[in-house]
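Asker:
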Ligand code: PEP
């Protein structure tokens, strides 16, 4: 974290978990466990159908709601899809774009990631753009090349002003849902690389203002060490965000 230049953001990615009633119950429980949020913003990335219940349940809290995906077109014959302005109208503030599960199971590409980032920004939503290497890529020593390419393609045609609204999440695929966390050194190295790629294109002032999260089996035990790294400005948290105690512990660690 570097509180002088940027906000720390702790985001819970619920994936395909929790009905609307369960969402309300989890948020009510979470609210009782989170202390004063002085230093960090909290975001819950909930399934589409949970959004209205989640918005209602967070009205009296400093918690923003995110969608986990969206389509880049405004409207049209895209059965099963949801557009940015639909999310905006519900009160959604953030949208996760390019999560590795979307890339792997739903054909998300660097091109669609870029189109979605642009559509989100045009509609006043803050994109949380996920990038990360596979185990094969890490073992083949091409992590830096892969991450650089993903970041550059996500940011095609994005202006410096727009960039200030974007959050990046470095999520090594081998660490997601596996219980295997990147070491603080590995995570910090890649988050630093993402910032360097941004710096090369937009300059130092813009680069230092961008929030770059780490995601991949973050939990109450490893959160403090990861968040202590200067280039890690928060977390995108899957499994541990489904338990109020664990997620609150991570939020409280970010507020220390
Ligand atoms: C994620 O869903 O983005 C994630 C990091 O999951 P987990 O924390 O369960 O590894």
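In the working numbering, the protein residues as written are 4 to 259. C-beta atoms are modelled at their ideal positions from N, C-alpha and C, and glycine is treated no differently. As the structure is a computational prediction, the values presented were derived from the model and not from experiment.
Is the separation between the beta-carbon of residue 145 and that of residue 134 shorter than 8 Å?
Answerer: Position 142 of the chain shown, counted from the first residue, corresponds to residue 145. Position 131 of the chain shown, counted from the first residue, corresponds to residue 134. For residue 145 and residue 134, no; Cβs fall outside 8 Å.
Asker: Mind pulling the beta strand (DSSP E) runs of 3 or more residues that sit fully within the segment 149 to 205?
Answerer: Counting whole runs of 3 or more residues, the segment 149 to 205 contains the beta strand (DSSP E) stretches 170 to 173.
Asker: Measuring only the C-alpha atoms, how far is residue 23 from residue 207?
Answerer: Working through the chain shown from its first residue, we reach residue 23 at position 20. Working through the chain shown from its first residue, we reach residue 207 at position 204. For residue 23 and residue 207, the distance between alpha carbons rounds to 42 Å.
Asker: At what residues does the alpha helix (DSSP H) containing residue 35 begin and finish?
Answerer: Here the question's residue 35 lines up with position 32 in the chain shown. Element bounds for residue 35: 23 to 36.
Asker: In this structure, does DSSP put residue 216 in helix, strand or coil?
Answerer: Residue numbering aside, residue 216 sits at position 213 when the chain shown is read from its first letter. Strand at residue 216.
Asker: Quick one: is residue 81 buried, meaning 16 or more other Cβ sit within 10 Å of its Cβ, or exposed?
Answerer: Locating residue 81 in the chain shown gives position 78, where the first residue counts as 1. Classification of residue 81: exposed, given that the 10 Å Cβ count is below 16.
Asker: With a CB to CB cut of under 6 Å and the five nearest residues on each side skipped, what residues in its chain are close to residue 87?
Answerer: Residue numbering aside, residue 87 sits at position 84 when the chain shown is read from its first letter. Here the set comprises 73, 122, 123, 126 and 128.
Asker: Can residue 21 be considered in contact with ligand 1, in the sense that its beta carbon sits closer than 7 Å to one or more heavy atoms?
Answerer: Residue mapping note: residue 21 aligns to position 18 of the chain shown, counting from 1. The answer is no for residue 21.
Asker: Among the candidates 224, 197 and 257, whose CA atom is the shortest distance from the CA of residue 155?
Answerer: Here residue 155 refers to the residue found at position 152 of the chain shown. Of 224, 197 and 257, the residue nearest in Cα terms is 197.
Asker: Tell me whether residue 144 sits in a helix, a strand or coil according to DSSP, three-state version.
Answerer: Within the chain shown, the letter at position 141 stands for residue 144. Three-state DSSP puts residue 144 in coil, outside helix and strand.
Asker: CB of residue 220 to nearest heavy atom of ligand 1: below 7 Å?
Answerer: Looking up residue 220 in the chain shown gives position 217. Yes, ligand 1 has a heavy atom inside 7 Å of this Cβ.
Asker: What residue range does the alpha helix (DSSP H) around residue 103 cover?
Answerer: By one-based count along the chain shown, residue 103 stands at place 100. Residue 103 -> alpha helix (DSSP H) spans 103 to 108.
Asker: If residue 41 and residue 258 are in contact, beta carbons under 8 Å, what's the gap, nearest whole angstrom?
Answerer: For this step, residue 41 is matched to residue 38 along the chain shown. For this step, residue 258 is matched to residue 255 along the chain shown. Going by Cβ atoms, the distance from residue 41 to residue 258 rounds to 6 Å, so yes, they are a contact pair.
Asker: Examine ligand 1 and report whether any of its heavy atoms sits within less than 7 Å of the Cβ of residue 57.
Answerer: Stepping through the chain shown from its first residue, residue 57 is reached at position 54. No.
Asker: Taking its Cβ as the centre, do 16 or more other Cβ atoms sit within 10 Å of residue 49, making it buried, or is it exposed?
Answerer: For the purposes of this step, residue 49 is taken as residue 46 along the chain shown, with counting starting at 1. Buried, since its Cβ has 16 or more Cβ neighbours within 10 Å.
Asker: Could you compute how far the alpha carbon of residue 170 sits from the alpha carbon of residue 25?
Answerer: Stepping through the chain shown from its first residue, residue 170 is reached at position 167. Stepping through the chain shown from its first residue, residue 25 is reached at position 22. Rounded to whole angstroms, residue 170 to residue 25 spans 28 Å at the Cα level.
Asker: Rank 83, 34, 76 and 77 by C-alpha distance to the C-alpha of residue 63 and give the top, closest one.
Answerer: Counted from its first residue, the chain shown places residue 63 at position 60. Selected option, being the one with the closest Cα: 34.
Asker: Work out the CA separation of residue 218 and residue 106 for me, nearest whole Å.
Answerer: If you number the chain shown from 1, residue 106 lands on position 103. If you number the chain shown from 1, residue 218 lands on position 215. Their backbone Cα atoms lie some 16 Å apart in a straight line.
Asker: Can you tell me whether residue 86 is helix, strand or coil according to DSSP?
Answerer: Here residue 86 refers to the residue found at position 83 when the chain shown is read from its first residue. Three-state result, residue 86: strand.
Asker: Under three-state DSSP, which class holds residue 93?
Answerer: In the chain shown, residue 93 corresponds to position 90, counting from 1. Of the three classes helix, strand and coil, the one that applies to residue 93 here is helix, per DSSP.
Asker: Taking 7 Å as the limit between beta carbons, can you name the residues of its chain near residue 51, skipping five residues before and five after?
Answerer: Mapped onto the chain shown, residue 51 falls at position 48. Once the five neighbours on either side are set aside, the close Cβ partners of residue 51 are 70 and 85.
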